[in-house]
Amino acid sequence: FGLVSRLPLTVRDGLVCAVAQLVFARNTNAVAALFGDLMLLPQDKIADAEYRRDLELALHRAVSRVLRFPSDGISLPSMRFDKLVGEVATLAPAFSFELPPYFLNNARALASLEGLALSADPDFSVLQAVYPYALTTLLRGRAESALLRATLRDLTLDPATGDLDLGRILKLVKQLSALSGRSQVRVVLDVLCTPGGRALARGTIAAQFRLRPRQLWRWCERTASRFRMWCRQCVASRNPAGDGNAPLKLV
């Protein structure tokens, strides 16, 4: 107690991206790629294809032992932070992790705080506290952070076409809305009110206008269709007894 640890900004961004990749995308390979930004491994080791493949397999097995994902695709997985720390500790000697003092200090502190919280509330989930912050930071992401921008693109673009996937963006908004208690519209407006959020929105829109005309038209049709569906869902959630197909009225 009384000990203060300061994490480098790149490590903080790496933690935000790792949480989002792990919980939202369930992509352990992307988490392994972030170990350089987390300063757990030098970049030359991550660049080694064989080493990287072994790390990805080991990390996937470790995560599958501590995370239990629900079937609805929205609720957060169950996880004990102390078990996650234990799994990382078993991987450390096998892959020669470089564990800086601040990493160990914060891991111990979080494990202790989780134990205290669980003694008061057996249903406490550390992800309930961490994940909304990670999503908010990612969506509002600082314009100067290349890592946050790259992770947000990775989470919101269709890997097959490279187009903006509105379904993924709406899933991010729905999760943040459900966890924060704010409406989905308020979540979007809060993000767009930040310089980083506006920069990311402009960059995403500009990327779509660089598409060929036919691709752009198809993207506009898909986006408009999904937006109309989202609006109807918002109206239906506010008025469950009403007609979800009724025309929207601006008040």
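Going left to right, the sequence shown walks through residues 132 to 382 as our numbering numbers them. Here a beta-carbon is modelled for each residue, glycine too, at the ideal position from N, C-alpha and C. It should be emphasised that the depicted structure is a prediction, and the values quoted were computed from it without experimental measurement.
> With which residues is R199 paired in a DSSP beta bridge?
Replying inline: DSSP output for R199 lists S209 as bridge partner(s).
>> Alpha carbons only, please: which of V162, A260 and D144 is nearest the one belonging to Q152?
In response: Checking every option, the nearest Cα to that of Q152 belongs to V162.
> Which partner residues of L186 appear in the DSSP bridge assignment?
Replying inline: Answer by DSSP bridge pairing: none, since L186 is not bridged.
>> Can you tell me where the alpha helix (DSSP H) holding E245 begins and where it ends?
In response: For E245, the enclosing alpha helix (DSSP H) covers residues P232 to A251.
> When the Cα of D213 is compared with those of L283, R196, V319 and F358, which residue comes out closest?
Replying inline: Ranking L283, R196, V319 and F358 by Cα distance to D213 puts R196 first.
>> Between the alpha carbons of P103 and L171, how many angstroms are there, rounded?
In response: No statement about residue 103 is possible, as the shown extent of the chain runs from 132 to 382 and does not include it.
>> Does L165 come out as helix, strand or coil in the three-state DSSP assignment?
In response: It is coil, neither helix nor strand.
> How close, in whole Å, do the beta carbons of R357 and L297 come, if the pair is a contact with beta carbons under 8 Å?
Replying inline: Taking the Cβ atoms as the reference, R357 lies roughly 4 Å from L297, within the contact range of under 8 Å.
> Which residues in the same chain have their Cβ closer than 6 Å to the Cβ of V257, if we skip the five residues on either side of it in sequence?
Replying inline: Excluding its 5 nearest sequence neighbours in each direction, V257 has C-beta neighbours in its own chain below 6 Å: F212 and E245, listed in chain order.
> Whole-angstrom Cβ separation of I300 and T287, contact assumed at under 8 Å?
Replying inline: About 5 Å separates the beta carbon of I300 from that of T287, a gap short enough to meet the 8 Å contact definition.
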